[in-house]
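> Attaching a single structure in structure tokens format; questions to follow.
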Amino acid sequence: MEDEIIWRWTSDGEYTTKSAYRIHFIPKHFCKDCLYTCAVWDQLVNWLNLHQLPASNSVSSIYRWWKKCRAMVAKDSKSFFDGLVIYFWWNIWKERIRRTFR
16 MEDEIIWRWT SDGEYTTKSA YRIHFIPKHF CKDCLYTCAV WDQLVNWLNL HQLPASNSVS
76 SIYRWWKKCR AMVAKDSKSF FDGLVIYFWW NIWKERIRRT FR
């Protein structure tokens, strides 16, 4: 019995360069659904004691997740939270590029 590899990012299960490029650069994947991003975000949540924030997989889009989180943050802390999230995603992006091109 041979192993079968199924590429979950295409409807037919076949790998294509286009599909790999798309998942590599789609914001929803790299900001919300990427296992590495989720693991780093969990570390940040633990470090800053932000356990009240919903998990990124609790909603379907980045915008909805961010909006849901912002609703749980005190009004005077919203700009700090926004900066934290933007800084986090920017550093995830830089790390992704570093790993891709090293």
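16 is the number of the first residue of the sequence shown in the numbering used here; add one for each residue after it.
Positions of the beta carbon are idealized from the N, C-alpha and C atoms, including for glycine.
1. Taking just the CA atoms, how far does D97 sit from V88?
2. What residues in its chain sit with their C-beta under 6 Å from that of T25, if we drop five residues either side in the sequence?
3. Applying the 10 Å Cβ sphere with the 16-neighbour rule, what's the burial state of S94?
4. Nearest to D48 by CA position, among V74, M16 and R117, is which residue?
5. Would DSSP call L68 helix, strand or coil?
6. Within 10 Å of its beta-carbon, does T32 have 16 or more other beta-carbons around it, so buried, or fewer, so exposed?
On the basis of the supplied data:
1. C-alpha separation (whole angstroms): 10 Å.
2. Closer than 6 Å at the Cβ level, and outside the excluded window around T25, lie S34.
3. Label assigned to S94: exposed.
4. D48 has its Cα closest to that of V74, out of V74, M16 and R117.
5. Here L68 carries a coil assignment [DSSP, helix/strand/coil].
6. Around the C-beta of T32, fewer than 16 other C-beta atoms lie within 10 Å, and the residue is accordingly described as exposed.
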